Structures are given as C-alpha cells and as structure tokens.
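**Student:** Taking my numbering, the leading residue of the sequence shown gets 4, the next gets one more, and so forth.
Every residue gets a Cβ at the ideal spot worked out from N, C-alpha and C, and that includes glycine.
Predicted, not measured: the structure shown is a model, and the values here were computed from it.
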Amino acid sequence: HVDRSIEEPEVFLTTNIIGTQILLDTAKKYWKINPDDKYCRKYRENVKFVQISTDEVYGDLGETGMFVETMPLEPNSPYSASKASADMIVRAYHRTYGMPINITRCSNNYGPYQFPEKLIPLMINNCLNDKELPVYGDGMQVRDWLHVKDHCSAIDTVLHKGLDGEVYNIGGNNEKANIEIVKLIIKTLGKSESLIRYVKDRPGHDRRYAIDNTKITTQLGWKPAYTFEEGIKETIEWYLNNTDWIENIVSGDYMDYYEKMYSGIDEVAASEE
Numbered sequence: 004h005v006d007r008s009i010e011e012p013e014v015f016l017t018t019n020i021i022g023t024q025i026l027l028d029t030a031k032k033y034w035k036i037n038p039d040d041k042y043c044r045k046y047r048e049n050v051k052f053v054q055i056s057t058d059e060v061y062g063d064l065g066e067t068g069m070f071v072e073t074m075p076l077e078p079n080s081p082y083s084a085s086k087a088s089a090d091m092i093v094r095a096y097h098r099t100y101g102m103p104i105n106i107t108r109c110s111n112n113y114g115p116y117q118f119p120e121k122l123i124p125l126m127i128n129n130c131l132n133d134k135e136l137p138v139y140g141d142g143m144q145v146r147d148w149l150h151v152k153d154h155c156s157a158i159d160t161v162l163h164k165g166l167d168g169e170v171y172n173i174g175g176n177n178e179k180a181n182i183e184i185v186k187l188i189i190k191t192l193g194k195s196e197s198l199i200r201y202v203k204d205r206p207g208h209d210r211r212y213a214i215d216n217t218k219i220t221t222q223l224g225w226k227p228a229y230t231f232e233e234g235i236k237e238t239i240e241w242y243l244n245n246t247d248w249i250e251n252i253v254s255g256d257y258m259d260y261y262e263k264m265y266s267g268i269d270e271v272a273a274s275e276e
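1. Within 10 Å of its beta-carbon, does D256 have 16 or more other beta-carbons around it, so buried, or fewer, so exposed?
2. Do E48 and K86 have their C-beta atoms within less than 8 Å of each other?
3. Under the rule that 16 or more other beta-carbon atoms within 10 Å means buried, what is P206, buried or exposed?
4. If you draw a straight line from the C-alpha of M74 to the C-alpha of W148, how long is it?
5. Could you tell me whether the Cβ atoms of G174 and I214 are closer together than 8 Å?
6. To which residues does DSSP link E178 through a beta bridge?
7. Quick one: measure Cβ to Cβ for D204 and D63, integer angstroms, because I've assumed they're closer than 8 Å.
8. Hey, could you find the ends of the beta strand (DSSP E) P137 is sitting in?
9. At what residues does the alpha helix (DSSP H) containing V14 begin and finish?
10. Going by the CB atoms, is the gap between L223 and L131 shorter than 8 Å?
11. From what residue to what residue does the beta strand (DSSP E) around C109 run?
12. Do V202 and V138 have their CB atoms nearer than 8 Å?
13. Spatial neighbours of I36 within its chain, please: C-beta separation below 8 Å, excluding the five flanking residues on both sides.
14. Have a look at T57 and T107 and give me their C-alpha separation to the nearest angstrom.
15. Residue range of the alpha helix (DSSP H) that L24 falls in?
16. Taking DSSP as the reference, what is the three-state secondary structure of Q117?
17. Counting Cβ pairs closer than 8 Å, one from the stretch 101-120 and one from the stretch 149-159, do we hit at least three?
18. Under DSSP, the alpha helix (DSSP H) around N129 begins and ends at which residues?
19. On the DSSP letters alone, give me the boundaries of the alpha helix (DSSP H) that Y96 sits inside.
20. Is any heavy atom of the ligand GTP found at a distance shorter than 7 Å from the C-beta of Y139?
21. So, for E120: in the same chain, excluding its five sequence neighbours on each side, which residues have a beta-carbon less than 6 Å away from its beta-carbon?
22. Do you know offhand how far A273's Cα is from D141's?
23. What is the DSSP secondary structure of N112, counted as helix, strand or coil?
24. Straight-line CA distance for R146 to A180?
25. Quick one: what's got a C-beta closer than 7 Å to I199's C-beta in the same chain, skipping five residues either side?
26. Quick check: what's the CA-CA separation for E13 versus K31?
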C-alpha cells in the first residue's frame, strides 16, 4: 500500500477518505432510528461501524517503546495519512452523530492469499523461482507481524465485545527486522543468500513499528494464537502448495508494477556502500 500510495496518492486519498465517508453516511442512513432528525442519536440494536486501520498512523518509533492507543497520530506516507484521516472521520461521526464505532489498528499481516507484492509472499515467490530478492535500504526496518487468522479473530472480538467509541491496537508480539525474515525464508526453502539484492530505500521509510496489545487483552480477553515461527512455517507451506494461485496473480499489470518498483535492483543502498 505504501509504495503504491507514493506513486498514486490520489487513489488512496479518494478510497480511504471519501470512501470511508460514503460508508459512514450509508450506515447512518440505514441504522439511525430517525435519519431525517440531525439531533437523533439513537441507532438500531446490534449495529456498529468498525474501522480497520493500521499502526502506520502513529508514525515512526525510535529504538524503544511501543505504540499505545493514546499516542498522537503522525503518519509519514500518503497511505498512512489517508488512513489516519479516515480514523478521524469515524471518530467525528461517533462524536457528532452518536454512531456506534470502534477503530482497530493492526500491525503487518501475513498468511495465505496475500498479494505477492508484499514482503513475505514476494520473497517466497522469488525464492521459488530463483529470482533476486529486493530488500529496501539495509533491511533493518523493524515491523510487528500478525497472522491474518489472529487479525480476523481480533476484529471479531472487537465487533462483539468492543466498548463503544474505543480504539484497539492489534499486534502479534513478533518484532522482526525485514532482513531477518528474508533470511529465514531463504533458509527454509534451501536457497542461497546470494539472491539478496539491497535496493534504494523507499522515500520516507519508517524505521520501526511495535504494537502494545495491553488494552485489547485486558479489556476484551483477546491475544494472538500464532507465534511467528508457527505462522511463517504454515504460510510458506501454503504457498508451496498453491503455486497455481501465485502464477495466476504474478502476470500482466503486476509484472509491470514489479519492474517499475525494482528497476534499481542493482543499486546498493547508501547505507550498504
């Protein structure tokens, strides 16, 4: 998302900001007891608008500390800025119109059926085809990783148990540097680290994200079921068993995008020179 938003910010601003506003207005129209009364704050029972956001809205962490829900939003990319804007619109509809809402902010997802431009499926697919593995900068950017099944279970928990108007962080308790994940995938697939190619870093690339799950764990009783070691093994096995799915995705427009993004694959990042 971030890479594409740098190339086409207007697409993300339209989708995430205007798109969210349209969804909110539609929900308000059909959920409100009296939609024509602007002072009416009563809604049908068992309805809630859940905004699925991202930890990227918090910006860049230093070497220590973790994101908590009360931190100010400091997004650094067009994508994260559009998501932060959507969060604020959802908050405004709760405050102004009384709409029942929750906002969730998750860390990096991984698992089956993930589009192959993302780090983990990109590295798996390239490894399987003995293609170069493009790694931004020095590869030491740190992210928290959350299995998609854990993310789904957390959203379900917030939907049914979340306190009205609250924000909940969702993380996997799995901080990993990008290069650490790349090397793990290489080792698991029995390939050589000579496939790694350090490329010019993404503009404005955040260095570290880390999620504090305390609120959702203590208030709602949710916690991730997967360790990263379990999840990445299952994920690699899924891609090994579903090569036809990958081949159908990795073609046409995707390959044009791939070549555009990594055309500087032989350009070693300044931090590696």
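**Tutor:** This is what the structure holds:
1. Numbered from its first residue, the sequence shown carries residue 256 at position 253. Looking at its Cβ environment, which holds fewer than 16 other Cβ atoms inside 10 Å, D256 is exposed.
2. Mapped onto the sequence shown, residue 48 falls at position 45. Mapped onto the sequence shown, residue 86 falls at position 83. By the CB criterion at 8 Å, E48 and K86 fall outside the cutoff.
3. On the sequence shown, position 203 is the one that residue 206 refers to. It is exposed - the Cβ of P206 has fewer than 16 other Cβ atoms within 10 Å.
4. Taking the sequence shown and counting its residues from 1, one reaches residue 74 at position 71. Taking the sequence shown and counting its residues from 1, one reaches residue 148 at position 145. C-alpha separation (whole angstroms): 20 Å.
5. Looking up residue 174 in the sequence shown gives position 171. Looking up residue 214 in the sequence shown gives position 211. Yes, the pair counts as a contact, with Cβ atoms nearer than the cut-off.
6. In the sequence shown, counting from the first residue as 1, residue 178 sits at position 175. Per the DSSP secondary-structure output, E178 pairs in a beta bridge with D147.
7. Reading the sequence shown from its first residue, position 201 is the one you call residue 204. Reading the sequence shown from its first residue, position 60 is the one you call residue 63. Between D63 and D204 the Cβ distance is about 13 Å, and since that is not below 8 Å, they are no contact.
8. Position 134 of the sequence shown holds residue 137. Note, P137: beta strand (DSSP E), L136 to Y139.
9. Counted from its first residue, the sequence shown places residue 14 at position 11. Segment P12 to L16, the alpha helix (DSSP H) holding V14.
10. On the sequence shown, residue 131 is found 128 positions in, with the first residue counted as 1. On the sequence shown, residue 223 is found 220 positions in, with the first residue counted as 1. Cβ distance not < 8 Å, so L131 and L223 don't count as in contact.
11. By one-based count along the sequence shown, residue 109 stands at place 106. First-last of the beta strand (DSSP E) with C109: I104 to C109.
12. Mapped onto the sequence shown, residue 202 falls at position 199. Mapped onto the sequence shown, residue 138 falls at position 135. For the pair V202 and V138, the CB atoms are nearer than the 8 Å cut-off.
13. To locate residue 36, count along the sequence shown from 1; it is residue 33. So the qualifying residues of the chain are C43, K45, Y46 and R47.
14. As a first step, residue 57 must be located in the sequence shown, where it is residue number 54. As a first step, residue 107 must be located in the sequence shown, where it is residue number 104. Going by the C-alpha atoms only, they are around 7 Å apart.
15. As a working mapping, residue 24 is identified with position 21 in the sequence shown. At residue 24 the sequence reads Gln, which differs from the Leu that was named. Element bounds for Q24: G22 to W34.
16. As a working note, residue 117 is residue 114 in the sequence shown. Here Q117 sits in coil by DSSP.
17. Counting Cβ pairs under 8 Å, three or more are found: they touch.
18. The residue labelled residue 129 in the question sits at position 126 within the sequence shown. In the DSSP assignment, N129 falls within the unbroken alpha helix (DSSP H) covering L122 to L131.
19. Here residue 96 is taken as the residue at index 93 of the sequence shown, counted from 1. Its alpha helix (DSSP H) spans residues P81 to Y100.
20. With respect to small molecules bound, the structure shown includes none, and the ligand GTP cannot be examined in it.
21. For the purposes of this step, residue 120 is taken as the residue at position 117 of the sequence shown. Answer for E120: no residue qualifies.
22. Within the sequence shown, residue 273 is the residue found at index 270, counting from 1. Within the sequence shown, residue 141 is the residue found at index 138, counting from 1. Legend: pLDDT at A273 = 30, less than 50; position of this residue unreliable, value from coordinates given subsequently. One alpha carbon belongs to A273, the other to D141, and they sit about 9 Å apart.
23. Numbered from 1 along the sequence shown, position 109 holds the residue referred to as residue 112. Strand.
24. As a first step, residue 146 must be located in the sequence shown, where it is residue number 143. As a first step, residue 180 must be located in the sequence shown, where it is residue number 177. About 6 Å.
25. Position 196 of the sequence shown, counting from 1, holds the residue named residue 199. Here I199 has L136, V138 and V185 as same chain residues with Cβ atoms under 7 Å from its own Cβ, once five neighbours each way along the sequence are excluded.
26. As a first step, residue 13 is located in the sequence shown; it is residue number 10 there, counting from the start. As a first step, residue 31 is located in the sequence shown; it is residue number 28 there, counting from the start. One C-alpha to the other measures close to 26 Å.
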